[in-house]
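Counting in this note's numbering, the sequence shown runs from 106 upward without gaps. We put the beta carbon where it would ideally sit given N, CA and C, even for glycine. Bear in mind the structure is a predicted one, so any value in this text is a computation, not a measurement. As structure tokens, the structure follows; a few thoughts come after it.
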Amino acid sequence: MIDVGTPDFAPVDEQDFLGTVFNVTDTTYLTHNFHPWAAKFIPQVPRYFIDRYSAPGDVVLDPFCGSGTTLVEARLCGRSAIGNDINAIGALISRAKSTPLTLEQIASIRTWMSKVKRIRRAFSGSQGLDRFLDAPSPAALEDLTDTADFGNIDKFHWFSVDILNAVLHVRRAILEADDLVVRDFLLTALSSIVVKVSNQESETRYAAVEKKFTAGNVPTLFLGKLADMLGRMEEYTAAVKLTSKGNETWGTVTQADARELGEIEPASVHLIVTSPPYANTYDYYLYHKLRMYVLGYDVEHVRINEIGSRNRYSSQKQDIGTFVDDMTACFARFREFLVPGGFAAVVIGDSVVAQQAYTGLHFMQEVAERAEFTVRQSFSYTLDAVSRLFNKGFRAANKAEWVILMEKT
106 MIDVGTPDFA PVDEQDFLGT VFNVTDTTYL THNFHPWAAK FIPQVPRYFI
156 DRYSAPGDVV LDPFCGSGTT LVEARLCGRS AIGNDINAIG ALISRAKSTP
206 LTLEQIASIR TWMSKVKRIR RAFSGSQGLD RFLDAPSPAA LEDLTDTADF
256 GNIDKFHWFS VDILNAVLHV RRAILEADDL VVRDFLLTAL SSIVVKVSNQ
306 ESETRYAAVE KKFTAGNVPT LFLGKLADML GRMEEYTAAV KLTSKGNETW
356 GTVTQADARE LGEIEPASVH LIVTSPPYAN TYDYYLYHKL RMYVLGYDVE
406 HVRINEIGSR NRYSSQKQDI GTFVDDMTAC FARFREFLVP GGFAAVVIGD
456 SVVAQQAYTG LHFMQEVAER AEFTVRQSFS YTLDAVSRLF NKGFRAANKA
506 EWVILMEKT
């Protein structure tokens, strides 16, 4: 363990961290269950560092925010939060999870749900609770499948015609919402069910399989998800109000390449808590591709620019030097945003590139030196030790995950 230390630096007790973080039973409380996101760190991880290295009213940044875990915890701790992710789905989820809704917004969503109940009536032909709704007959439904651009892939390989049409009818109803915060909330609910009703096998396997869903299941699943999200959002909003204690905390999320992250005031961030991409481990653009096509987002930009993707290191045969260069560019940019003496708490895993193993500490030490950070502490634990948190594909033998605390000096 590295522990350079300064008089005002309080190092993490490794056993306390592991005991606090990995003996938890609830990792999906409040808004944390809004949307699937593979290999995300559990909320107790950012909470640990936010509690110890920032104060109420401070600004916390996660420049690789994924599904917004750090942002939610920052707001719950009475901090303001800035998030960024290159993936449009990640940015969408992060906004929806971390932005409290007003009572008026929640009421408007509950009223708006009648639109989807009419869609459900049209696609299922169900009389049930929808029998009094003014809904079109299934024969009168407009075919919207031509409105979705799936690039060069066959959309009907991944969706049945009727299911895709039902998804797009829900999307069209969502886009009629004028309030952009409400729209993000509704789109997150829709995005969360896209893979389930598609032919994509799972969140971490991009292969087509036959599933037994019908078009009528789409609005039903959507409404069920939305109802759960609304209840959780009400609790989250109340918790944020309680912890802010009258302070005007805020949150913002951008979608940008982290190497070019802008629009943050220099020396305005008190703490960075992030889990950067693990080199040659996962393709976020690939497993969220169907979602991006359905919601009209740019897949190619993410595919080309996603740092650490398997596409870069296995398919394009780039070497670890490219990853270190990319991460150095990122952290040099992040350093500008930190206050003097501010910390970056980084959680990153080991990687294998071109059949060569690299530890997360090895390349982050080089990144820190080149980006003018000082590594104050580091420790690791095996992914097998926390296997319940990760897909088996990320738990190759002897791989470790590293916690690295870096200071702007």
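Does the region 201–221 come within contact of the region 398–410, defined as at least 3 CB pairs closer than 8 Å?
Under the three-pair Cβ rule at 8 Å, the region 201–221 does not count as touching the region 398–410.
Determine the burial state of G447: buried for a count of at least 16 other Cβ atoms within 10 Å of its Cβ, exposed for fewer.
Buried, since its Cβ has 16 or more Cβ neighbours within 10 Å.
Taking R440 as part of the alpha helix (DSSP H), name the residues at either end of that continuous run.
Counting along the chain, the unbroken alpha helix (DSSP H) around R440 starts and ends at 425–442.
Within its chain, find whatever has a CB closer than 7 Å to the CB of T174; leave out the 5 residues flanking it on each side and keep chain order.
Beyond the five residues adjoining it in sequence on each side, T174 comes within less than 7 Å, by CB distance, of H137, K145, F146, P148, P151 in the same chain, given in chain order.
Of the choices Y486, T514, K513, whose alpha-carbon is the least far from that of W507?
The closest CA to that of W507, considering only Y486, T514, K513, is found on Y486.
V302: which of L291, V287, L292, G321 sits nearest, CA to CA?
G321
Taking C-beta to C-beta, are K316 and A294 nearer than 8 Å?
no
Reducing DSSP to helix, strand and coil, say where L166 ends up.
L166 falls in the strand class under three-state DSSP.
Is the number of C-beta pairs between the region 248–265 and the region 278–297 that are closer than 8 Å three or more?
no
Measure the CB-CB distance between T289 and L391 and report whether it falls below 8 Å.
Note that residue 289 corresponds to Asp in the displayed sequence, not to Thr. No, the Cβ-Cβ distance between D289 and L391 is not below 8 Å.
Can you name the residues that DSSP bridges to R310?
S307
Expressed to the nearest angstrom, what Euclidean distance is found between the alpha-carbon atoms of V451 and V378?
6 Å
Is the Cβ-Cβ distance between S456 and T386 less than 8 Å?
Cβ atoms of S456 and T386: closer than 8 Å.
Best match in A384, P445, L443, A437 for proximity to Q421 [C-alpha to C-alpha]
A384
Helix, strand or coil for A476 per DSSP?
coil
I'd like to know whether the C-beta atoms of T348 and C170 end up nearer to each other than 8 Å.
Cβ atoms of T348 and C170: not closer than 8 Å.
For P161, the nearest candidate out of N128, E178, D167 (CA to CA):
E178
Would a C-beta distance cut-off of 8 Å place D156 and G188 closer than the cut-off?
no
Residue ranges of each alpha helix (DSSP H) within the region 108–162, 4 or longer
119–127, 149–158
What residue does the alpha helix (DSSP H) around E178 start on, and which one ends it?
174–181
G465, DSSP secondary structure in three states:
helix
Alpha helix (DSSP H) containing N189: first to last residue?
Taken as a continuous stretch (DSSP letters only), N189 belongs to no alpha helix (DSSP H), being part of the beta strand (DSSP E) at 185–189.
8 Å Cβ cutoff met for D388 and I191:
Against a cut-off of 8 Å, the Cβ pair of I191 and D388 comes out as no contact.
Would you mind sorting V109 into buried or exposed? The rule is 16 or more other CB atoms within 10 Å of its CB.
Bear in mind that a pLDDT of 46 at V109, under 50, signals an unreliable position, so the model cannot answer this.
With H, G and I counted as helix, E and B as strand and the rest as coil, what does DSSP make of L206?
coil
Could you check which residue in I509, V458, F442, V164 has the C-alpha nearest to that of V472?
I509
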